[in-house]
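First up is the structure itself, then whatever we jot down about it.
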Amino acid sequence: MSWTLDNLDVIGQLLGRHLLLSLPPIVLSLLLAIPLAWVATRVRVLRAMLVGGSALLYAIPSLPLFVILPLVLGTGIRSQWNIIVALTLYGVALMLPATVDALAQVNPRVLDAAQAMGYPSLSRFLAVELPLAGPTMLAGLRVVAVSTVSLVTVGAVLGVPSLGSLFTDGFQRGITEEIVVGLVLTMLLALVLDLLIAHLGRLLLPWSRPLRRGAVGQGAP
Amino acid sequence: MIQLRAALDWLADGQNWTGAHGAGVLVWQHLWYSLLAVAIAAAVAIPVGWWVGHTRRGRGLAVGVTGAARALPTLGLVTLLGLMLGVGLQAPILALVVLAIPSVLAGAYSSLEAVDPQVVDGARASGMSELQVLSKVEVPLGMPVLVGGLRSAMLQVIATATLAAYVGGGGLGRLLFLGLKTQRYDLMLAASLLVIALALASEVVFTLLQQLLTPVSARR
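Protein sequences, first through last, are from chains A and B. Quick note: to get the working numbering, add 201 to the position in the first sequence (first position is 1). Quick note: to get the working numbering, add 34 to the position in the second sequence (first position is 1).
This is the structure in structure tokens:
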């Protein structure tokens, strides 16, 4: 425990940096996936391209992607932007198919009803379709959050500081405790974000809770 | 783009492919570590997964293991095992096996869950023993899903094998970290392109395998 107690300030700083590298990709992947999925559900050709492209993108290993991005972005190899952009791409690659599936699951009769009530196309999407797809999208976002927090650590081998620096530093200096602290904190951070998103989702999307028996009249025939 | 050109030139130069630390050896090592790790993981996880899928026992635990594994940072595991087992091959291979197990396990148990329960009941009703139900009905019908699990395990392992060089293993990571230490971005790029090519090649091979192993009756 002595290493941990002596280095609490360093650990705290790295935890903060880790959070700053993790949050933008998680939020951006949600924000980017929604319009892309909107397009994908309306244009057949684009749907195949976008979903296929997501699968292809997800097959690219993270460290090579971190290395290649400077070529495209014009950044240095140690820039945190490589990590943020790469993890946003992975996040979108996960979130886009999840959102397309979630939108496909919305009952078409509900959409017909909304249209009959006079909702124009866009507000029908925002006020009816998207909220009903929300609970399924939420499950996708939780996966994005957990895998993003884990992948941020890989950037440490290139010199982008995060909790992953505890792995590289601990390995080079032979401090097992440092690596274990890094592992525990990374997994705890993933768990906390996962629970936070789940809780926030339940607050914002109260209809995602399973209905109590008898709370609503008969279900669909 | 000059750097990309330099990386492609490096890859095109046959001299860089030969020798004890040439790209040829590194690609071979990378592939060999990955195949070995997935094979060991398969030997451990497939029987367990089939047992879980057939008996539907321990499903909660299997799902929990698979979910928790997603949160496990691969670099942390590689460095921890590297420190505990010393520099060499054991640590990276063990780390890769540990990382491959959840995907294979999930593939194995969900492969049996994907089989139509009426078909399983039918097999039982026609007098098959439990072992026959498993080996003649459930396993063949679930094969594409199982191969899907092996496919994602292989992808994960090929990616993580790059980190193995950080703790003294070989593979393409060696070229990448050599480039990082000597400030040769073209070497890093060349190594990255080779890892990506390996990952995509593995996806193609497993997709073909998946199609090949889909029972004729289940093909559409």
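We put the CB at the ideal spot given by N, CA and C, even for glycine. These numbers were taken from a predicted model, which means no experiment stands behind them.
Subject >> Contact set for A:G360: own chain, Cβ-Cβ below 7 Å, skip 5 residues either direction >> reply: Counting from one through the first sequence, the residue named residue 360 of chain A turns up at place 159. Hits under 7 Å: R279.
Original post:
Which chain A residues are close to B:P147, counting only those with a beta carbon under 8 Å from its beta carbon?
Top reply: Counted from its first residue, the second sequence places residue 147 of chain B at position 113. What sits at residue 147 of chain B in the sequence shown is Glu, not Pro. By Cβ distance, chain A contributes nothing, its closest Cβ being about 18 Å from B:E147, past 8 Å.
**OP:** Decide yes or no for the touch test of the segment 120 to 127 of chain B against the segment 194 to 213 of chain B: beta carbon pairs closer than 8 Å, at least 3 of them.
**Re:** yes
Subject >> chain B contacts made by the segment 261 to 279 of chain A, where a contact means CB separation under 9 Å >> reply: I261, P262, S263, L264, P265, L266, F267, V268, I269, P271, L272, I278
Subject >> Inter-residue spacing [alpha-carbon to alpha-carbon] between A:G418 and A:V385 >> reply: Numbered from its first residue, the first sequence carries residue 418 of chain A at position 217. Numbered from its first residue, the first sequence carries residue 385 of chain A at position 184. Residue placement at A:G418 is poorly supported in this model, since its pLDDT is 40, which falls under 50; the coordinates are not used for a value here.
**OP:** With a threshold of 16 other CB atoms inside 10 Å of the CB of A:Q167, please say whether the residue is buried or exposed.
**Re:** Because chain A spans 202 through 422 in this model, residue 167 of chain A falls outside it and cannot be assessed.
Original post:
Mind checking A:A421: buried by the 16 CB within 10 Å criterion, or exposed?
Top reply: Numbered from its first residue, the first sequence carries residue 421 of chain A at position 220. Its pLDDT being 42, under 50, A:A421 is placed unreliably in this model, and the coordinates cannot settle the point.
Original post:
When you check each C-beta in the segment 83 to 109 of chain B against every C-beta of chain A, which residues fall closer than 9 Å?
Top reply: G101, A102, R104, A105, L106, P107, T108, L109
Original post:
Just to confirm, does A:L272 get its C-beta within under 7 Å of one of the non-hydrogen atoms of the ligand SAH?
Top reply: Looking for the ligand SAH in the displayed structure turns up nothing, as the structure carries no ligands at all.
Subject >> Proximal residues to A:F317 (C-beta, below 8 Å), its chain only, five neighbours per side dropped >> reply: In the first sequence, residue 317 of chain A corresponds to position 116, counting from 1. Sequence inspection shows Ala at residue 317 of chain A; the Phe mentioned does not correspond to that position. Cβ neighbours of A:A317 beyond the five flanking positions: none.
Original post:
In the structure shown, what three-state DSSP assignment does A:T337 receive?
Top reply: Taking the first sequence and counting its residues from 1, the one referred to as residue 337 of chain A is at position 136. Of the three classes helix, strand and coil, the one that applies to A:T337 here is helix, per DSSP.
**OP:** Put A:V307 into one of helix, strand or coil per three-state DSSP.
**Re:** In the first sequence, residue 307 of chain A corresponds to position 106, counting from 1. Coil.
Subject >> Closer than 8 Å to chain A by CB, B:I127 >> reply: Here residue 127 of chain B refers to the residue found at position 93 of the second sequence. No, no contact with chain A.
Subject >> Selected residue, minimal CA-CA separation from B:D43, among B:T241, B:L234, B:V238, B:L227 >> reply: In the second sequence, the residue the question calls residue 43 of chain B occupies position 9. Of the candidates B:T241, B:L234, B:V238, B:L227, the one whose C-alpha sits nearest the C-alpha of B:D43 is B:L227.
Original post:
List, in order along the chain, the chain B residues whose C-beta lies closer than 9 Å to that of A:I398?
Top reply: In the first sequence, the residue the question calls residue 398 of chain A occupies position 197. Ordered by position in chain B, no residue passes the 9 Å Cβ test against A:I398, which lies about 13 Å from the chain.
Original post:
What runs of the alpha helix (DSSP H), each 4 residues or longer, lie entirely inside the segment 239 to 313 of chain A?
Top reply: 245 to 259, 263 to 274, 281 to 305
**OP:** Could you name the residues of the segment 215 to 228 of chain B whose beta carbon sits closer than 8 Å to any beta carbon of chain A, in the order they occur along the chain?
**Re:** Y219, M222, L223, A225, S226, L227
Original post:
Applying a beta-carbon distance threshold of less than 7 Å, which residues of chain B neighbour A:I380?
Top reply: In the first sequence, residue 380 of chain A corresponds to position 179, counting from 1. Going along chain B in sequence order, the residues near A:I380 (Cβ under 7 Å) are G110, T113, L114, L117.
**OP:** Using a Cβ cut-off of 8 Å (strictly closer), state whether A:M296 contacts chain B.
**Re:** Position 95 of the first sequence, counted from the start, is the residue given in the question as residue 296 of chain A. Not closer than 8 Å to any Cβ of chain B, the Cβ of A:M296 fails to qualify, so no.
**OP:** Could you tell me which chain B residues have their CB closer than 8 Å to the CB of A:S324, listed as they occur along the chain?
**Re:** Within the first sequence, numbered from 1, the residue matching residue 324 of chain A stands at position 123. Chain B residues near A:S324: none, gap ~36 Å exceeds 8 Å.
Subject >> A:R374 versus B:L69, B:L117, B:V97, B:A54, residue with shortest Cα-Cα distance >> reply: Working through the first sequence from its first residue, we reach residue 374 of chain A at position 173. When each option's Cα is compared against that of A:R374, the closest is B:L117.
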